[in-house]
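Participant: Starting off with a structure, shown below.
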Amino acid sequence: MAFTLLVNNIPYAVDVEPDTPLLWVLRDSIGLTGTKYGCGIGQCGACTVLINGLAVRSCSLPVSRAMATPITTIEGLSADGTHPVQLAWKEFDVPQCGYCQSGQILAAAALLQKTPNPTDEDIDRQMTNACRCGTYHRIRQAIHRAARMRA
Amino acid sequence: MSTNKPDLKNKGDDAAGMDRREFLVTTAVVGGGMMLGLFSRPTASEASSLPVTAQPWYREATVPEINAWIAIAPDDTVTIRIGQTEIGTGVLTCNAMIIAEELQCDWSKVRTEYASANRDFKEKAPEWTLKVPGNGESDPGGAAPVELGPMTGVYRRMIIHSSGNIRESRYYLQLAGAEARERLLLAAANMWSVPVAELVAKDSLITHAKSKRKTTYGAIAARAATTQLPDPSQVKIKTPDKFTLCGTEQKNFDVPLKVTGEAIYGIDIRLPGMLYAAVKSCPVWGGDVKSHNADAIKGMPGVHSVVRLPYNELTKAVDFLSGGVAVVADSWWHAQKALDALPIEWDAGRGAGVSSKDLYDEHVMFAKQPGRMIVEEGNIDTGFGRAAKIVEATYSVPYSPRARMEPGNATVLVGDGRVDIWSGDQDPQGLLRNAAMITGINGANVYVHSTFQGGGYGSNGNGPQGEQAVLIANAVKGRPIKMLWSRDEDWGSGTKYRPMSVCILKAGLDANGYPIAMEVRHATAWDLGDMGTRGLASPPYWMPNYRLTIHRPMTHVPIGTRRGTGAAPNAFYLEGFIDELAHVAGKDPYMYRRELISRNPVGAKGGVGGFPHRDDFIRALDIAAKMSNWGSPLPEGWARGIAVDDRRRPSRTTSTICAEVHTIEVSKRGKLTLHRVDVAFEQGFAFMHPLSVRKQIEGQIAWGYDDTMYQATTLKDGRAVERNFDLFAVSRMNEYPRQVNIEFFKSKRWITGAGEEAIPTIPPAILNAVHKITGKRLRSIPLKDQDLSWG
Amino acid sequence: MCGGVVAGLVVVAASSVGAQGDPAAGQVVFDQKCASCHSVAADLTHGLLGPNLVGVVGRTAGTVAGWDFSAALKNSSTVWTEENLNKWLTDSTAFVPMAQMDLKVPSRIEREDVISYLKNLKPNESQKAK
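Protein chains in written order, with this note's numbering: chain B, 1 to 151; chain G, 1001 to 1791; chain U, 2001 to 2130.
Below, the structure is given as structure tokens:
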């Protein structure tokens, strides 16, 4: 079935079954591989994209429900890695293996959009993505830094 | 941004969708020709001069190569090849620092790429580099004991595991950089007809002060490439006191690519004409497919073919854990959907019906029967006979998977007489050899293009995903096949486990509560070298009578290494038990340990039964205790637990000492909060890349916490129950301790590493604190199903 | 249960599951495990992949307006007592086979906490939506 998806402000024509998870349409049909597959059941957050500014787990969203809403993937967060979250991530050298980081960064961007000056409790509640390398210590510091940068 | 430009007119079953000029492989390789410079078109990232490209695999040098490790362009850009894959420990940057330190090049113009396993297969390392310089681990000019043995290919050790990158590779990376520097100097000296000794090389500039002449590395590189040293064995490596780059804070090269989504992991590979494969192997390891009905799914969308993965002598030799079936389709989603619909009947084999309770009972039974003697000091029966009090306890740990975030995958193209593999694999050399075995194609024609890797945590490769992909591609020749495991397949069927083990400890205490005899009976299936005996073979706590026996039940569960290796369970047992003894003795657990460690004689021998690191162990304990304000008052329901370990093993004296204090709270309901961790960590003579060491320790705290609290693979009907994040929990931000303090201390030796050395002390430190609060002595992990309520 | 129980009689457990829970901790559990699908918005809008859960404790399964439930849940005639929620969250597809939600929350403390959080949600209180 033919769909048009608006991803990072670019319209893409795809032809897939309506129940195909958005994650696989992004990765395999369109070729945006920054969004990762970690679990397929919405429990890890590696597949996080932003839809209308909200962090959404794209592995659990059928593509038919993602039409005509602007989708932002990690590739679209900034043109050149200069979103404050990305700058802060680089300043604190946050990623280790890096596989979960696209999701972490988008979740952090969504958090700061809603809560520009998050407390540690805000961060605890909103940053629910899994990181097997355990970069939480630096993620927390980087979010506070990004909040100060945005101010 | 992304180097894969999206295809605006994608038709769903066209697997291309990327810039065809970049991947020149298909027609040339399918046609049988070997193309050099396959991926030579620079990526967008290269154009923007990031130090590593999003597609970090090896490219044939188009500029002069000084040696296999280093190529230098006319503009002084230095390309450094990295043997091991980047799994997050920082090797891509750190190994470049080590080479650049000796090369004395301009660090701002260094870029890295992965070395070629194919070249390593075909080309030997220079003979003179096989000798380790210096006088061993306590010589700053030496190295910690290496185990490079058969790794004499030009890129030596391309495996990344065992926290061993620095330990094993540092000396030959230093030699590579130093040799290149000397050849650049000699080339300049020859060009100017002056003695080499009058030249200075620094930041890619060679100057001859006397004649006021200078040249750059880039200008002299072509000459240097053909200039040989008269006697390279005279090349000396720097001692740490001479380091100007190693040991400094350097950001990791791969980070900028990982914050934009550009970094290409194995799962991200896209090639023209590529097909996708999804796999199910028998979830009871050792089993096989009894029957399957491919016709049932042939009509499903996008299905290309069904490939049987046999469980036979060949596949067992390349690490398959059971037999299975693969569905090949035009997208992974189509492949996995069809696979889920495919009727498969399994022949579970000897593991059918086995539960983890069965295995636990079997381990206990084995522990109580006679075992294999590993250490016997004194006479424990006499010691027990004289003891004022006997303490006995049974500890255990469950099966544990590595649980990487990136599910197992590899992309393979088997052409006419050539194999190309794109994979993030901890063991590219092993994968190359296995691919040769599976396809019958000579290893000289097998190419492994290394990508970034979404976590490692294991060893010997990550499981047979690369090998499975090769087998499938060999059945569907001429098209690249991307094989990807579902999460369920990765955690449940595809991976090897740190084994369950049961440890019965018994101590006889004197009237002061100190042990005069201890017996340790360790039942473990872990037959990889000395995994089961590490740490336990040489306890740091001096006692005149000690016996360790190993008891080996055989199970069908596949066993492999996992971050922490043998030290993780063994330190849990020893550090938990010694805490019990301290409690029985009525003594502070920190002082109790300190006393027992200090009773070791000075200059004790190493190896099995010996313990030479007395003073440094005490230092570590003292530092951790001081950092954590040990002994100062805490609120009700809070306590501190302490533990010390160094991941030592019988076969080598060097190790890395780590002492930790964990400050926790347990609510009356039994909810545990880890508030604060204080870590004293041995630096040895020097760290190469202190930023990454710090990151590693921070990350290991989360890892060890998860082992303590949540993580286990249990078995039912012979198969893993925990196959995804719902039952196998990974803690999130909210559980990470709010305060983490790390202090490094120097010592007079080269340490073993930093990738897992902070893990073994975590479970016992936490459980020791749990006991203080709740009065409950828990002797198994994880805690999630245990009742911590109190009061 | 003795033989004299009349069908339809609701037996109240001696101590309810949610009474032991910590609603603040439960909010964290909700954010981590439920919020990617469900909503607790005060205006009762549904989540991306699951219905709004304000008022769910005590509600009959599959009845809240505006959500396309599975037949399994609609026909289950389950009432979301705290005890049933506890069983549901332990293993949802074991409790209601063929339900769309496929989740297991193995931690007793987490289940108690999130049930107590849900119990305390009131429709006219504004919730901090994710």
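Ideal placement from N, C-alpha and C gives every residue a C-beta, glycine not left out.
Is there a Cβ from chain U that is less than 8 Å from the Cβ of residue 5 of chain B?
Facilitator: no
Participant: Could you tell me which chain G residues have their CB closer than 9 Å to the CB of residue 2122 of chain U, listed as they occur along the chain?
Facilitator: Ordered by position in chain G, no residue passes the 9 Å Cβ test against residue 2122 of chain U, which lies about 25 Å from the chain.
Participant: Near residue 1145 of chain G, what residues of its chain come up, given a Cβ to Cβ distance below 7 Å and the 5 sequence neighbours on each side ignored?
Facilitator: 1137, 1652, 1654
Participant: Residues of chain G with CB closer than 8 Å to the CB of residue 2032 of chain U, please, in chain order.
Facilitator: 1732, 1734
Participant: Just to confirm, is the Cβ distance from residue 1179 of chain G to residue 1232 of chain G under 8 Å?
Facilitator: yes
Participant: List the residues of chain U that residue 1726 of chain G touches, going by C-beta distances under 7 Å, in chain order.
Facilitator: Taking a Cβ-Cβ cut-off of 7 Å, the neighbours of residue 1726 of chain G in chain U comprise 2103, 2104, given in sequence order.
Participant: Given this structure, state the Cα-to-Cα distance separating residue 1288 of chain G from residue 1749 of chain G, to the nearest angstrom.
Facilitator: When rounded, the distance between both Cα atoms is 50 Å.
Participant: For residue 1405 of chain G, is the classification buried or exposed, using 16 other Cβ atoms within 10 angstroms of its Cβ as the cut-off for buried?
Facilitator: buried
Participant: To the nearest angstrom, how far is the alpha carbon of residue 1192 of chain G from that of residue 1228 of chain G?
Facilitator: Distance between the alpha carbons of residue 1192 of chain G and residue 1228 of chain G is about 17 Å.
Participant: Using a Cβ cut-off of 8 Å (strictly closer), state whether residue 2011 of chain U contacts chain G.
Facilitator: In this prediction, residue 2011 of chain U scores a pLDDT of 45, lower than 50, which makes its location untrustworthy; the coordinate-derived value is nonetheless stated afterwards. No, no contact with chain G.
Participant: Would you mind working out which of B:49, B:11, B:91 sits nearest residue 35 of chain B, comparing C-alpha positions?
Facilitator: The residue with the shortest Cα to Cα distance from residue 35 of chain B is B:49.
Participant: Can you tell which of U:2028, U:2088, U:2055, U:2032 has its C-alpha closest to the C-alpha of residue 2119 of chain U?
Facilitator: U:2055
Participant: Alpha carbon to alpha carbon, how far is residue 1164 of chain G from residue 2 of chain B?
Facilitator: 51 Å
Participant: Use the C-beta contact count for residue 1250 of chain G: other C-beta atoms within 10 angstroms, 16 or more gives buried, fewer gives exposed.
Facilitator: buried
Participant: For chain B, check one thing: does any of its Cβ atoms lie closer than 8 Å to the Cβ of residue 1763 of chain G?
Facilitator: no
Participant: Quick one: does residue 140 of chain B have its CB under 8 Å from some CB of chain G?
Facilitator: At least one beta carbon of chain G lies nearer than 8 Å to the beta carbon of residue 140 of chain B.
Participant: If the cut is a Cβ gap below 8 Å, which residues of chain U does residue 56 of chain B touch?
Facilitator: 2036, 2048
Participant: For residue 74 of chain B, name the three-state secondary structure that DSSP assigns.
Facilitator: helix
Participant: In whole angstroms, give me the CA-to-CA distance for residue 1038 of chain G and residue 1267 of chain G.
Facilitator: The predicted position of residue 1038 of chain G is uncertain, since its pLDDT is 38 and thus under 50; a value taken from the coordinates is nonetheless stated next. Each residue's alpha carbon lies about 20 Å from the other.
Participant: Would you identify the three-state DSSP class for residue 1360 of chain G, choosing helix, strand or coil?
Facilitator: helix
Participant: Would you report the Cα separation of residue 1057 of chain G and residue 142 of chain B, rounded to the nearest angstrom?
Facilitator: C-alpha separation (whole angstroms): 30 Å.
Participant: So is residue 1181 of chain G buried or exposed if we call it buried at 16+ other beta carbons inside 10 Å?
Facilitator: buried
Participant: Residues of chain B with CB closer than 8 Å to the CB of residue 2114 of chain U, please, in chain order.
Facilitator: Within 8 Å Cβ-Cβ: nothing; residue 2114 of chain U doesn't reach chain B, min ~13 Å.
Participant: Got a sec? Which residues, its chain only, sit under 8 Å from residue 1143 of chain G by beta carbon, not counting five neighbours each side?
Facilitator: 1132, 1133, 1134, 1136, 1137, 1167, 1170, 1171, 1750
Participant: If the cut is a Cβ gap below 7 Å, which residues of chain G does residue 102 of chain B touch?
Facilitator: 1261
Participant: If you follow the alpha helix (DSSP H) that residue 1171 of chain G is in, where does it begin and where does it stop?
Facilitator: From DSSP, the alpha helix (DSSP H) with residue 1171 of chain G extends over 1165-1192.
Participant: Would you please state the rounded distance, in angstroms, between the beta carbons of residue 1570 of chain G and residue 1534 of chain G? I believe it to be under 8 Å.
Facilitator: Between residue 1570 of chain G and residue 1534 of chain G the beta-carbon gap is near 6 Å, inside 8 Å, which marks them as a contact.
Participant: Along chain G, in chain order, which residues have C-beta atoms closer than 7 Å to that of residue 2107 of chain U?
Facilitator: Residues of chain G passing the Cβ test: 1784.
Participant: Which partner residues does residue 1664 of chain G have in the DSSP bridge list?
Facilitator: As DSSP reads the structure, residue 1664 of chain G sits in a beta bridge with G:1639, G:1674.
Participant: Using DSSP with H/G/I as helix, E/B as strand and the rest coil, what is residue 1745 of chain G?
Facilitator: strand
Participant: Check the DSSP bridge columns for residue 1868 of chain G and list the partner residues they point to.
Facilitator: In this structure chain G extends from 1001 to 1791, so residue 1868 of chain G is not present and cannot be described.
Participant: Measuring only the C-alpha atoms, how far is residue 1557 of chain G from residue 1323 of chain G?
Facilitator: 14 Å
Participant: Can you tell me the Cα-Cα spacing of residue 1690 of chain G and residue 1262 of chain G, whole angstroms?
Facilitator: 26 Å
Participant: Rounding to the nearest angstrom, what Cα-Cα distance links residue 1348 of chain G and residue 17 of chain B in this structure?
Facilitator: 35 Å
Participant: Are residue 1664 of chain G and residue 1742 of chain G touching if we call contact CB-CB under 8 Å?
Facilitator: no
Participant: Excluding the 5 residues preceding and the 5 following residue 1328 of chain G in the sequence, name in chain order all residues of the same chain whose CB lies nearer than 8 Å to its CB.
Facilitator: 1275, 1276, 1277, 1303, 1304, 1305, 1306, 1307, 1335, 1472, 1476, 1481
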